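Everything on this sheet refers to the single structure shown next.
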Amino acid sequence: MEASELDDARQLLTAVEQTFSSRVSGQEQVRTALLATMLAEGHLLLESVPGLAKTLAASTLATSMGAHFARIQCTPDLLPSDIIGTQVYDPRTHEFDTQLGPVHANVVLLDEINRASAKTQSAMLEAMQERQTSIAGVIHRLPEPFMVLATQNPIEEEGTFVLPEAQMDRFLLKEVVDYPSLADEVAVLDRIDAGTLGPHAVPVTPVLTTEDVVGLQRLTERVYVDAAIKDYIVRLVHATRHVGEVVGADTGRYVEIGASPRGSIAFLQVARALAILDGRNHVIPEDVRRLRHGVLRHRLHLTFEALAGRVRPEEIVDAVFDAVPSP
């Protein structure tokens, strides 16, 4: 990998970061997660109470990429055909025409995904994993790049459907969005007064093209990962399956099922993306540790005792990382 390639990538990513920061106040962790997910060709699940700019963050990223953006508001009566598309009868030609659904976009926002029924949620599995949809037996490839950003509200239970483990595992990262700091919230009000936020704000100008994004993704695949780093990743994920042996019985009783090999793959992809964001052509151990909560918090199945005791998955993840020696 040439130094000039890294410099060009850094310039493009800096432009996206500046565009994002001009619309979204604070939320540096969300920005990093969004960019890492984009570079790693993954999907991101955002969880928070309403009003913390999840939708704004997703639309800002899509617009800065010059990408086709589609928003799907999930409701209990949403059907799979409302997402992937369906065949519509044309009485003029007496034939069925295929109408592609909103999932055929570069960046797809599934707002409040846990409000969609299990049948509708499952319609996204093929799109997220195989990057295609099947309508009436015909396969339709999704555009490149393709990225799903889903949001969910953790405090509402009425009229919601818990995402199954197989669906959760398809998300590269799960980021929990916290309230902004006092300074960041004041900055939001200042931007509204200045006209940079709100319904009459000036639209975001794209700073990338979809071809640029694909080029950045191909560059990310070429980041060097040493065998010692790969061994570190596998030992970490393996430790989540044997927490009692690695960390101790007191913590082990809180974990029923650990992360699958998809967790190891996610660590590898995210570490490469973070290396590119830092302008490096190789992965260091800190790249593995940096977004450890986002990689593992939705891949650990906790016991009832942990849920009753309000044990957070982040605590278990930190315990595992403390117990496994770093190269």
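Each residue of the sequence shown is one higher than the one before, counting from 881 in the working numbering. Here a beta-carbon is modelled for each residue, glycine too, at the ideal position from N, C-alpha and C. Source: prediction; values computed, not measured.
{"Query": "Tell me whether the beta-carbon of Arg995 lies closer than 8 Å to the beta-carbon of Thr1040.", "Result": "yes"}
{"Query": "Checking 8 Å against the spacing of the C-beta atoms, do Ala1146 and Val1168 come in under that value?", "Result": "no"}
{"Query": "Since Ile1113 is in the alpha helix (DSSP H), which residue starts that stretch and which ends it?", "Result": "Ala1107 to Arg1121"}
{"Query": "May I have a chain-ordered list of the alpha helix (DSSP H) segments no shorter than 4 residues that lie completely inside the segment 958-1030?", "Result": "960-964 and 998-1010"}
{"Query": "If you draw a straight line from the alpha carbon of Ala1151 to that of Glu975, how long is it in whole angstroms?", "Result": "49 Å"}
{"Query": "By the 10 Å Cβ neighbour count, where 16 or more other Cβ atoms means buried, how is Leu1005 classified, buried or exposed?", "Result": "exposed"}
{"Query": "Is the segment 949-967 touching the segment 981-994 in the sense that three or more CB pairs, one from each, lie closer than 8 Å?", "Result": "yes"}
{"Query": "Here's the rule: buried if 16 or more other CB atoms are within 10 angstroms of the residue's CB, otherwise exposed. What is His1178?", "Result": "buried"}
{"Query": "Tell me, to the nearest whole angstrom, how far the beta carbon of Ala916 is from that of Leu1180; I am working on the premise that it is less than 8 Å.", "Result": "Actually they do not touch by this definition, with Cβ atoms about 20 Å apart."}
{"Query": "Quick check on Gln909: does DSSP put it in helix, strand or coil?", "Result": "helix"}
{"Query": "Considering Arg1179, what are the terminal residues of the alpha helix (DSSP H) in which it resides?", "Result": "From DSSP, Arg1179 is part of no alpha helix (DSSP H); its letter is neither H nor E."}
{"Query": "If we define contact as Cβ-Cβ less than 8 Å, is Pro960 a contact residue for chain D?", "Result": "Annotation note: the requested chain D is absent from the structure, which comprises a single protein chain."}
{"Query": "Should Ile1019 go down as buried or exposed, given a rule of 16 or more other Cβ atoms within 10 Å for buried?", "Result": "exposed"}
{"Query": "Do you know whose CA, among Val1200, Asp1064, Val929 and Val904, lies nearest Gly1124's CA?", "Result": "Val1200"}
{"Query": "Three Cβ pairs or more, each shorter than 8 Å: is that satisfied between the segment 1092-1111 and the segment 903-920?", "Result": "yes"}
{"Query": "What separation, rounded to the nearest whole angstrom, lies between the Cα atoms of Ser1140 and Leu1154?", "Result": "22 Å"}
{"Query": "If distances are taken between C-alpha atoms only, which option among Leu914, Ala1074 and Leu893 comes closest to Leu876?", "Result": "Any property of residue 876 remains undetermined from this structure, which presents the chain solely from 881 to 1207."}
{"Query": "Around the Cβ of Gly1138, are there at least 16 other Cβ atoms within 10 angstroms (buried) or fewer (exposed)?", "Result": "buried"}
{"Query": "For Tyr1104, count neighbouring Cβ atoms within 10 angstroms of its own Cβ and tell me buried if that reaches 16, exposed if not.", "Result": "exposed"}
{"Query": "Roughly how many angstroms lie between the CA atoms of Asp1158 and Gly1017, to the nearest whole one?", "Result": "44 Å"}
{"Query": "Is it buried or exposed, Tyr1059, if we count other Cβ atoms within 10 angstroms and call 16 or more buried?", "Result": "exposed"}
{"Query": "Given a threshold of 16 other Cβ atoms within 10 Å of its Cβ, counted over all protein chains shown, does His923 qualify as buried or as exposed?", "Result": "buried"}
{"Query": "From which residue to which residue does the alpha helix (DSSP H) around Arg1169 run?", "Result": "Pro1165 to Arg1170"}
{"Query": "Who are the Cβ neighbours of Glu897 in its own chain at under 7 Å, not counting the five residues just before and after it?", "Result": "Arg911"}
{"Query": "Quick one: Cα of His948 to Cα of Val1191, how far?", "Result": "40 Å"}
{"Query": "Can you give me the start and stop residues for the alpha helix (DSSP H) that Ala933 sits inside?", "Result": "From DSSP, Ala933 is part of no alpha helix (DSSP H); its letter is neither H nor E."}
{"Query": "For a test of the three-state rule: what should DSSP assign to Arg1102, helix, strand or coil?", "Result": "coil"}
{"Query": "Run through DSSP, which three-state label would Ala920 get?", "Result": "coil"}
{"Query": "How far does the beta strand (DSSP E) with Phe949 in it extend, from its first residue to its last?", "Result": "Phe949 to Gln953"}
{"Query": "Since Val1084 and Arg903 are thought to touch, with beta carbons under 8 Å apart, how far apart are those beta carbons, to the nearest angstrom?", "Result": "6 Å"}
{"Query": "I'd like the list of long-range same chain contacts for Ala1119, defined as Cβ closer than 7 Å, with 5 residues on each side in sequence excluded.", "Result": "Val1126, Val1200, Ala1203 and Val1204"}
{"Query": "Have a look at Gln891 and Gly946 and give me their C-alpha separation to the nearest angstrom.", "Result": "16 Å"}
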